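Asker: Before we start, here is the structure in question, set down as structure tokens.
This is the structure we're talking about:
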């Protein structure tokens with residue numbers, strides 16, 4: 145079993161379809177509608193998207209687990225691992241990977 149954990153509160157990990165790039169854009173659009181930046185957010189120390197980023201991360205999640213079979217990730221045919229960045233500007237991110245056998 146592979147466990148992945150991102151050590152940040154403004155980016156998330158998820159598993160989603162990896163064939164059509166529109167899936168990524170649709171996911172971003174849906175999250176923007178659920179958590180709009182236009183709300184009167186109080187925590188904006190690092191920019192207007194500060195609380196927006198934290199909230200989206202809470203909804204999507206900071207960790208995923210993937211079974212390993214015969215040394216290979218046991219993902220579905222169209223599944224891929226996404227690191228979703230919720231800040232306006234890119235940031236360096238750290239991910240902890242743990243394999244349990």
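Numbering (our numbering), first residue to last: 145 to 245.
Glycine residues also receive a C-beta, built at the ideal position from the N, C-alpha and C atoms.
The model shown is predicted, which means the values in this text are computed figures rather than measured ones.
Which residue's Cα is closest to the Cα of residue 168: 243, 245 and 230?
Answerer: The shortest C-alpha separation from residue 168 is found at 230.
Asker: Spell out the partners DSSP gives residue 216 in its beta bridges.
Answerer: Paired residues: 213.
Asker: What are the start and end residues of the beta strand (DSSP E) that includes residue 240?
Answerer: Where residue 240 is concerned, the enclosing beta strand (DSSP E) stretches over 239 to 243.
Asker: Would you kindly check if the distance between the Cβ of residue 146 and the Cβ of residue 239 is under 8 Å?
Answerer: No, the pair does not count as a contact, with Cβ atoms beyond the cut-off.
Asker: Report the CB separation of residue 174 from residue 228 in whole angstroms; it is logged as a contact under 8 Å.
Answerer: About 12 Å separates the two Cβ atoms, so there is no contact after all.
Asker: According to DSSP, is residue 175 part of a helix, a strand, or is it coil?
Answerer: Correct three-state label for residue 175: helix.
Asker: Tell me, which residues are paired with residue 223 by DSSP?
Answerer: Its beta-bridge partners are 161.
Asker: Compute the Euclidean distance between the alpha carbons of residue 177 and residue 241, then round it to the nearest angstrom.
Answerer: Roughly 31 Å separates the two Cα atoms.
Asker: DSSP has residue 228 in a bridge; who is on the other side?
Answerer: 156, per the DSSP bridge assignment.
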